[in-house]
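**Student:** One structure is given below, represented as structure tokens, and several questions about it will come after.
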Amino acid sequence: MNATIPVNEAEKEKDRLEISQKAQAAFDRGRKLYSEKKYVEALEPYLYAFDNGHLVSGWGGVRLSFIPAEIARLGEHHPPALEALKERRDAREKLIFEGIQDYDIYSEWVALNAYLKDSEHCIKVTKKLSKNKILDQDLKELVVSRNLELFLESDETELVNACLNNRGQMILHTLADYETQQFAPYFKEDPEETIRTQNSTKRRLVYQTVNLYRLLLIRNDTDKAKALAERVLESLPDRDLFAGLISLERSHGKKSRSKKLFEKAEKRLSTDDMAWLEATLQTEESAEEKEPGSITKAVEKKKKSKKKKS
Numbered sequence: 056m057n058a059t060i061p062v063n064e065a066e067k068e069k070d071r072l073e074i075s076q077k078a079q080a081a082f083d084r085g086r087k088l089y090s091e092k093k094y095v096e097a098l099e100p101y102l103y104a105f106d107n108g109h110l111v112s113g114w115g116g117v118r119l120s121f122i123p124a125e126i127a128r129l130g131e132h133h134p135p136a137l138e139a140l141k142e143r144r145d146a147r148e149k150l151i152f153e154g155i156q157d158y159d160i161y162s163e164w165v166a167l168n169a170y171l172k173d174s175e176h177c178i179k180v181t182k183k184l185s186k187n188k189i190l191d192q193d194l195k196e197l198v199v200s201r202n203l204e205l206f207l208e209s210d211e212t213e214l215v216n217a218c219l220n221n222r223g224q225m226i227l228h229t230l231a232d233y234e235t236q237q238f239a240p241y242f243k244e245d246p247e248e249t250i251r252t253q254n255s256t257k258r259r260l261v262y263q264t265v266n267l268y269r270l271l272l273i274r275n276d277t278d279k280a281k282a283l284a285e286r287v288l289e290s291l292p293d294r295d296l297f298a299g300l301i302s303l304e305r306s307h308g309k310k311s312r313s314k315k316l317f318e319k320a321e322k323r324l325s326t327d328d329m330a331w332l333e334a335t336l337q338t339e340e341s342a343e344e345k346e347p348g349s350i351t352k353a354v355e356k357k358k359k360s361k362k363k364k365s
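Read left to right, the sequence shown gives residues 56 to 365 (the working numbering).
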């Protein structure tokens, strides 16, 4: 299996469109084979899609999100898939140490580390590059952004703040998409597609909001966390969002803030959604009672881990 950067192959090919079409077909084939539990056969088309996906103009971030994520998932059933990702990660790492300055290579290296669940390796290499005085600022920003939680209590205050602000801006963009889709659906003549699009955007908005809220609580930026929650809940009083925010406040031992969120949920949610929220939170409480402090301990463990690494 080829673990090198596939740029040369692409440049030699006269018909880039043909490779692009093959990459898309390979991705579909990999998915199909995986769904059929033909794990060994699925690896080759998945890798072709990843290695040549930079030529597919419509993929955007797909190549560095869905494809490596699905290859990593394949690795749970077929370990050579993970080895293939490592080979590709190491090939890019070699180029970085050789002094190659290429944003695409940086992005691929950081993403591959993430899907290999090897943040420690990513940060270790970054520190080594810094020590050798060959750490490019673009790479540094990508590493911090992708591993933001591990840098929250580091000396990289300015960069961390910039990353947090970027995530806030992303949420505002997603929120704008969500509001637009509610009042001016893209697919007026296709109700099913409209609902799918709205639900997809809603899920993304909930995920982004809960994740940033969590990071802000870790930093004790409670005012910003509160402002974030209020802005999103104004347009999206969603039960999953309330559950995520309340759970985070409880995990940080902030009973008064979790109570206020719960009271707000009572005013905004339907009877059925409120019943779901109460049941979900009760299940969480029961788990906490069986192992007192389990949630808080998990939070503290993460904090201690960050201090050791920073």
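Every residue, glycine too, gets a C-beta built ideally from N, C-alpha and C. Every value quoted in this text rests on a predicted model; they were computed, and no experiment measured them.
Leaving aside the five residues before and after residue 114 along the sequence, list all residues of the same chain whose C-beta is less than 7 angstroms from its C-beta, in chain order.
**Tutor:** Annotation for residue 114: 108 place their beta carbon closer than 7 angstroms to its own, counting only its chain and skipping 5 residues before and after.
**Student:** Quick one: any contact between the region 262 to 269 and the region 298 to 306, if contact means 3 or more CB pairs under 8 angstroms?
**Tutor:** yes
**Student:** Three or more beta-carbon pairs under 8 angstroms between the region 217 to 224 and the region 165 to 182, yes or no?
**Tutor:** no
**Student:** Can you list, in chain order, the residues of its chain with a C-beta nearer than 6 angstroms to that of residue 136? Leave out the 5 residues immediately preceding and following it.
**Tutor:** 98, 126, 129 and 130
**Student:** For residue 148, which of 139, 138 and 161 has the nearest alpha-carbon?
**Tutor:** 161
**Student:** I'd like to know whether the C-beta atoms of residue 102 and residue 96 end up nearer to each other than 8 angstroms.
**Tutor:** no
**Student:** Since residue 213 is in the alpha helix (DSSP H), which residue starts that stretch and which ends it?
**Tutor:** Residue 213 -> alpha helix (DSSP H) spans 212 to 238.
**Student:** Which residue's Cα is closest to the Cα of residue 157: 191, 286 and 226?
**Tutor:** Checking every option, the nearest Cα to that of residue 157 belongs to 191.
**Student:** Just how far apart, CA to CA, sit residue 207 and residue 176?
**Tutor:** Their Cα atoms are separated by approximately 18 angstroms.
**Student:** Considering only their Cβ atoms, is the gap separating residue 110 from residue 71 smaller than 8 angstroms?
**Tutor:** yes
**Student:** Relative to the C-alpha of residue 105, which residue among 91, 123 and 159 is closest?
**Tutor:** 123
**Student:** Shortest alpha-carbon distance to residue 291 belongs to which of 324, 317, 309 and 308?
**Tutor:** 324
**Student:** Tell me which same chain residues have a C-beta within less than 8 angstroms of the C-beta of residue 225, skipping the five on either side of it?
**Tutor:** Residues of the same chain with a CB within less than 8 angstroms of the CB of residue 225, apart from the 5 flanking positions on each side, are 263 in chain order.
**Student:** Over the uninterrupted alpha helix (DSSP H) stretch that includes residue 130, give me the two end residues.
**Tutor:** 121 to 130
**Student:** Assuming residue 165 contacts residue 201 under a Cβ cut-off of 8 angstroms, what Cβ separation, rounded to an integer in Å, is found between them?
**Tutor:** 5 angstroms
**Student:** Output the distance between the C-alpha atoms of residue 80 and residue 132, rounded to the nearest integer angstrom.
**Tutor:** In this model, residue 80 and residue 132 are separated by some 22 angstroms (Cα to Cα).
**Student:** Could you tell me which of 317, 338 and 121 sits nearest to residue 329, measuring between CA atoms?
**Tutor:** Ranking the options by Cα distance to residue 329, first place goes to 317.
**Student:** In or out: residue 257 buried (at least 16 other Cβ within 10 Å) or exposed?
**Tutor:** buried
**Student:** Can you tell me where the alpha helix (DSSP H) with residue 299 in it begins and where it stops?
**Tutor:** 294 to 306
**Student:** Might you give, ordered along the chain, the residues of its own chain that have their beta carbon closer than 8 angstroms to the beta carbon of residue 234, omitting 5 neighbours on each side?
**Tutor:** 290
**Student:** Residue 152: which of 171, 186, 134 and 167 sits nearest, CA to CA?
**Tutor:** 186
**Student:** Am I right that residue 271 and residue 283 are in contact with their C-beta atoms under 8 angstroms? What's the rounded C-beta distance?
**Tutor:** Indeed, because the Cβ distance is near 7 angstroms, the residues count as touching under 8 angstroms.
**Student:** So the candidates are 112, 273, 281 and 252; which of them puts its Cα closest to the Cα of residue 76?
**Tutor:** 112
**Student:** How long is the line joining the alpha carbons of residue 73 and residue 310, rounded to whole angstroms?
**Tutor:** 59 angstroms
**Student:** Can you tell me whether residue 74 is helix, strand or coil according to DSSP?
**Tutor:** helix
**Student:** Buried or exposed: which applies to residue 229, given that a residue is buried once 16 or more other Cβ atoms fall within 10 Å of its Cβ?
**Tutor:** buried
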